Amino acid sequence: MSATNGLHLAAEIGGPPHYDARHYVELARLAERGALDFVTLGDSFARPGPDALAVLSRVAPATRRIGLVPTVTTTHTEPFHVSSAVATLDWVSRGRAGWSADVSTTEAEARLFGRRSAAPAAELWREAGETADVAARLWDSWEDDAEIRDVATGRFIDRDKLHYVDFEGATFTVRGPAIVPRPPQGHPVTVIDGTGGPSQEAAARHADVVLVRATAPEQAAGIRADVRRRAAAYGRDPDTLRVLVALTVDLGDAETAPEPGLESGPPLAAGGSYYRGGPVDLAELIARWHRAGAVDGFHLTPITPERDLERIVNGTVALLQHRSLFRTFYPGGTLREHLGLARPANRYALAEART
Amino acid sequence: MTAPTRKQMHLAAHFPGVNNTTVWTDPRSKSQIEFSSFEHLARTAERGRFDFFFLAEGLRLREHKGRIHDLDVVGRPESLTVLSALAAVTDRLGLAATVNATFNEPYELARRLATLDHLSDGRAAWNVVTSSDAFTGENFRRGGYLDRADLPRALGSARTRGTPYTRAAEFVATARELWDTWTPDGTPRPFRHQGQHFTIEGEFTVPRSPQGHPVVIQAGDSPAGREFAASAADVIFTRHGTLEAGRTFYTDVKARLAKYGRQPEDLKIMPGVTFVLGDSDAEAQESAAEIRRQQISPQNAILALEQVWGRDLSSYDPDGPLPEIDPDPDSGLVQGRVRIGHQLAVAARWRALSEAKGLSIRQTVIETTGRQSFIGRPETVASELIEFVSTDAADGFILVPHLTPGGLDEFVDRVVPLLQERGAFRSEYTGLTLRSHLGLADPVGKD
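Sequence lines, in order, name chains H and Y.
The first sequence begins at 1 in our numbering and counts up one residue at a time.
The second sequence begins at 1 in our numbering and counts up one residue at a time.
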């Protein structure tokens with residue numbers, strides 16, 4: 001079993017849909033007070049709710065350090081637009097952007113667009129992987145020092161540092177380069193929910209953060225080892241991956257719950273493991289799993305964000321901080337820095353350096 | 001002197017970039033990309049009580065002679081995302097995004113625009129543009145079937161002119177159907193749209209936004225564009241920078257409204273204009289000439305020449321005479337930018353001017369392109385702007401500064417107070433939404 005480093009914590013701030021910005025700003029600021037790595041905001045074309053990437057863009061100037069990770073689906077969108085919007089979230093948040101890649105499998109969603117029929121999840125996840133791939137290529141299509149503003153030659157950019165990506169996938173092609181210059185993090189953080197099933201390969205191949213589901217630390221450790229092995233098979237260094245256990249949490253009856261602890265509950269929201277109990281016991285659980293080297297951290301989905309996030313921050317996180325198991329401030333500014341992930345080298349600059 | 005009954009002017013600020021208007025060589029020129037630049041210009045516009053802040057769009061980097069064009073500002077962040085962030089640092093300013101109707105889908109875009117309208121409490125606007133350009137299409141799924149599905153309809157009928165507007169018109173109408181699906185009391189209703197370009201159905205996920213429909217802006221001067229604006233837009237973004245051309249355009253467009261059951265005040269005409277200020281008119285003229293020299297660098301002069309000639313003219317001296325060889329209009333030398341029409345006629349005009357005045361290549365280009373619209377001391381510029389509006393050459397202006405991000409500061413500090421004193425422009429916002437700033441009625445929702 002490979003060792004984990006610092007503990008990473010993230011929280012979902014979506015719930016029943018709200019359309020005013022204030023609601024989301026308050027939740028993100030609350031999570032930021034707890035020094036969480038990032039907040040996520042789920043999204044889908046099929047159920048009521050605002051566009052998540054726009055919401056977290058609105059949240060960006062109202063927060064300073066917390067990572068911002070909207071769900072972005074890849075089935076009915078243009079990969080070029082997806083890449084531009086996520087890169088722009090990274091610019092407006094000064095390096096705090098990520099995206100949680102997802103697919104749209106239903107016929108109802110397909111009919112909202114009228115461009116293609118519903119397709120099997122496996123097929124759509126292959127396409128989502130290609131979208132993540134082309135997005136990363138587009139983020140690299142400008143080298144970091146492409147803007148030169150050379151008055152003598154009149155050149156604003158060095159066009160030798162801009163690159164066509166010439167991507168050919170199974171369902172789309174993209175010529176490039178990007179319109180948006182390389183974002184502050186180089187690559188915004190890619191999150192994929194990757195427990196088994198059709199998203200597994202895309203997660204192992206493209207994700208920086210993989211969400212997994214487990215009901216016991218031994219199980220989590222096994223899944224983490226499997227994800228890391230698959231990533232290595234794609235030529236990746238497994239230490240550039242963070243594996244977080246996704247947990248739906250209900251801290252509603254904290255003190256009175258007869259049997260606090262983890263349950264395999266009914267599939268809620270994104271489905272999976274379900275914790276009901278108090279914030280102190282949740283801290284115990286997090287500490288125990290992390291100390292066992294089973295996971296790099298947790299992604300918590302509160303069933304009632306306003307109530308449960310407050311209890312997570314002021315109860316669970318405060319206790320973990322008190323025990324020196326979780327940071328009390330952000331030592332860095334970007335989401336990659338929170339996660340302990342290096343800023344990726346630019347593949348085109350590297351290729352040039354080699355020749 | 002206050003004249004409260006005077007026709008009120010509308011003002012908008014264009015974030016400058018991706019053209020040679022922006023003088024990036026100026027030491028005061030800062031990032032075109034960092035959020036702080038957008039924030040500065042937007043806050044300045046709001047301090048000046050402007051109607052809205054305007055972002056252009058590009059979906060493919062321009063090319064020249066098969067290589068990426070490297071002389072002007074290149075690259076920009078994605079508009080709707082930037083505007084969502086700007087909603088956090090402004091309170092009243094309208095937020096207008098240019099978004100292409102060809103390489104987007106109505107459901108997704110209507111949802112993003114409605115979201116921006118909610119997040120900004122009713123300040124969203126959409127500038128509808130189109131493209132029939134396979135060059136841009138190479139970045140998109142849609143590019144793959146643009147030729148197959150769309151172009152055959154266009155062939156034989158004035159090239160592609162009708163087609164992008166047909167799709168755009170149906171796109172806008174479809175977006176409006178989606179924005180109308182929630183009843184005012186907050187109940188979603190299913191929608192079904194069946195048309196030439198889109199057949200979609202389902203439920204829209206965003207309740208009716210504060211403006212009902214975000215403000216729709218249309219840019220383009222062709223007859224098809226004017227007709228589309230008259231039928232569907234709230235604001236038309238034009239290029240007519242002279243009084244006479246402005247009045248002609250104004251009369252023509254306003255006359256087209258009646259057949260769509262609309263009133264003249266339902267569509268605001270706002271030309272994009274540039275300005276140069278100084279302490280005296282002579283000083284402003286001097287600055288203006290210097291700015292033109294900065295905009296037309298020696299390299300940009302050759303490039304402008306190559307665009308007209310359609311030939312590689314890199315061996316020519318920008319300070320020397322125009323080439324004696326004739327243009328090649330069919331060369332396809334230039335990609336991804338608006339082509340200068342009638343290249344042979346333009347070349348003939350440039351030659352005549354150059355010979356008459358003894359101008360070099362660079363001087364000829366400076367003389368013929370990029371002249372600023374309003375030049376003078378603040379009093380002069382304020383008077384000219386008021387004359388444009390009061391004589392119906394425009395309803396207002398979209399100002400394009402030549403510096404990022406401080407290019408609007410002087411205008412807001414020195415010209416806006418004069419406009420306000422003369423009763424031509426608001427001193428305070430009187431409403432909350434962009435529709436309110438523009439004096440546009442709320443769209444009637446269906447119940």
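All C-beta atoms in this analysis are idealised placements derived from N, C-alpha and C, irrespective of residue type, glycine included.
Model, not experiment: these values are computed from the prediction.
Ends of the alpha helix (DSSP H) at D133 (chain H)? Following the DSSP letters along the chain, one finds D133 (chain H) inside the alpha helix (DSSP H) bounded by residues A121 to D140.
Okay, do the stretch 27-43 of chain H and the stretch 84-92 of chain H touch, 3+ Cβ pairs below 8 Å being the bar? No, the stretch 27-43 of chain H is not in contact with the stretch 84-92 of chain H.
Which residues of chain H have a Cβ atom closer than 8 Å to the Cβ of D70 (chain Y), listed in chain order? Against chain H, a Cβ distance below 8 Å from D70 (chain Y) picks out R155, F156, I157, D158 and R159.
Does A299 (chain Y) come within less than 8 Å of chain H when only Cβ atoms are used? For clarity, residue 299 (chain Y) is Gln in the given sequence; the question names Ala instead. Q299 (chain Y) belongs to the set of residues whose beta carbon lies under 8 Å from a beta carbon in chain H.
Given this structure, state the Cα-to-Cα distance separating R161 (chain Y) from D133 (chain Y), to the nearest angstrom. The pLDDT assigned to R161 (chain Y) is 41, lower than 50, so where the model puts this residue is not dependable, and the model offers no usable value.
Considering just the uninterrupted stretch of the beta strand (DSSP E) at W126 (chain Y), what are its terminal residues? A124 to V129 is the span of the beta strand (DSSP E), which, as asked, contains W126 (chain Y).
Which chain H residues sit within Cβ distance under 9 Å of F103 (chain Y)? Within chain H, the residues near F103 (chain Y) are E78, F80 and H81.
For F397 (chain Y) and A12 (chain Y), I'd like the C-alpha separation in whole angstroms. Near 6 Å, if we compare the C-alpha coordinates of A12 (chain Y) and F397 (chain Y).
For N100 (chain Y), report the span of its alpha helix (DSSP H) as first-last. First-last for N100 (chain Y): G94 to N100, but that is the beta strand (DSSP E), not the alpha helix (DSSP H).
Count the other C-beta atoms from every protein chain shown that fall within 10 angstroms of the C-beta of A207 (chain H), then say buried if there are 16 or more, exposed otherwise. Residue environment for A207 (chain H): buried (at least 16 other C-beta atoms within 10 angstroms of its C-beta).
Does DSSP classify E324 (chain Y) as helix, strand or coil? Assigned with DSSP and collapsed to three states, E324 (chain Y) falls in coil, not helix or strand.
Using a Cβ-Cβ distance under 8 Å, would A87 (chain Y) count as near chain H? Among the CB atoms of chain H, one or more fall inside 8 Å of the CB of A87 (chain Y).
Chain Y residues whose Cβ lies nearer than 8 Å to that of L89 (chain H): Within chain Y, the residues near L89 (chain H) are T81.
Look at the Cβ atom of P214 (chain Y), then the Cβ atom of A101 (chain Y), and state whether they are nearer than 8 Å. It is not a contact, given that the beta carbons lie outside the stated cut-off.
So the beta strand (DSSP E) F54 (chain Y) belongs to, where does it begin and stop? Element bounds for F54 (chain Y): F52 to L55.
Roughly how far, in whole angstroms, is the beta-carbon of I217 (chain Y) from the beta-carbon of I296 (chain Y), given that I think they are within contact range, below 8 Å? Incorrect: roughly 29 Å between the Cβ atoms, too far for contact.
Within the stretch 39-77 of chain H, ranges of the alpha helix (DSSP H) (whole runs, at least 4 residues): Entirely contained in the stretch 39-77 of chain H, the alpha helix (DSSP H) runs reaching 4 residues are, in chain order, 52-59.
Contact criterion: CB-CB distance below 8 Å. Does R115 (chain H) meet it with respect to chain Y? It does; some Cβ of chain Y falls within 8 Å.
Taking its Cβ as the centre, do 16 or more other Cβ atoms sit within 10 Å of V151 (chain H), making it buried, or is it exposed? By the neighbour-count criterion, in which a residue is buried when 16 or more other Cβ atoms sit within 10 angstroms of its Cβ, V151 (chain H) is exposed.
Burial state of I236 (chain Y), where buried means 16 or more other Cβ atoms lie within 10 Å: By the 16-neighbour rule on beta-carbons within 10 angstroms, I236 (chain Y) is buried.
Which one or two residues does DSSP pair with R67 (chain Y) in a beta bridge? According to DSSP, which records beta bridges pairwise, R67 (chain Y) is partnered with Y:H64.
Can you give me the Cβ contacts of G246 (chain Y) inside the same chain, cut-off strictly under 7 Å, excluding the 5 residues immediately before and after it? Here the set comprises H240, P271, F388, A393 and A394.
Inter-residue spacing [alpha-carbon to alpha-carbon] between A31 (chain H) and A232 (chain H): Looking at the two C-alpha atoms, the distance is approximately 33 Å.
Could you check the C-alpha separation between Q185 (chain H) and R336 (chain H) for me, to the nearest Å? For Q185 (chain H) and R336 (chain H), the distance between alpha carbons rounds to 7 Å.
Using only the alpha-carbon positions, how far apart do V82 (chain H) and L418 (chain Y) sit? Spanning the two alpha carbons is a distance of roughly 44 Å.
Under three-state DSSP, which class holds A13 (chain Y)? Assignment of A13 (chain Y) by DSSP, reduced to helix, strand and coil, places it in the strand class.
What do you reckon, are the CB atoms on Y107 (chain Y) and F113 (chain H) nearer than 8 Å? Taking a C-beta distance under 8 Å as the contact criterion, Y107 (chain Y) and F113 (chain H) qualify as a contact pair.
Over the uninterrupted alpha helix (DSSP H) stretch that includes F35 (chain Y), give me the two end residues. Per DSSP, F35 (chain Y) belongs to the alpha helix (DSSP H) from F35 to R47.
In its own chain, which residues sit with a C-beta less than 6 Å from the C-beta of H18 (chain H), not counting the 5 before and 5 after it? Same-chain partners within the cutoff: there are none.
Straight-line gap, L61 (chain Y) to Q294 (chain Y) (C-alpha atoms, nearest Å): Approximately 22 Å, taken between the alpha carbons.
Chain-ordered neighbours of I286 (chain H) on chain Y, where CB pairs are closer than 7 Å: Correct list: empty, because the minimum Cβ distance to chain Y is about 32 Å.
Taking the straight line between their C-alpha atoms, what separation do you get for L146 (chain Y) and V74 (chain Y)? Bear in mind that a pLDDT of 47 at L146 (chain Y), under 50, signals an unreliable position, so the model cannot answer this.
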